[in-house]
Amino acid sequence: EYGLDRESDVRNLRHVSRHSGRIATKPWSLTWLSTLDLDPTSLNHYRKILRAQIWPHWGSTPLVEITT
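Residues in the sequence shown are numbered consecutively from 254, following our numbering.
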């Protein structure tokens, strides 16, 4: 089951490898946004959240440095 979950993560762009995890949060999130198949209102809502709440604090932080 674990392996299937990891394969699903890779297919659905939820997996971040250690190598690609060196990318900063803002450029990664811009790539992520471009993969979403959502209506324009939802995409704009996501962009507003990123601009107001995520990018000011985490935008230049590499993904691998963000933990729970």
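Virtual Cβ for every residue (Gly too), placed ideally from N, Cα, C.
According to the DSSP assignment, PRO280 belongs to the alpha helix (DSSP H) that extends over 278-288. Contact annotation: THR278 and ILE319 have beta-carbon atoms nearer than 8 Å. Per DSSP, the unbroken alpha helix (DSSP H) holding SER295 starts and ends at 293-302. PRO280 and LEU286 have their alpha carbons spaced roughly 10 Å apart.
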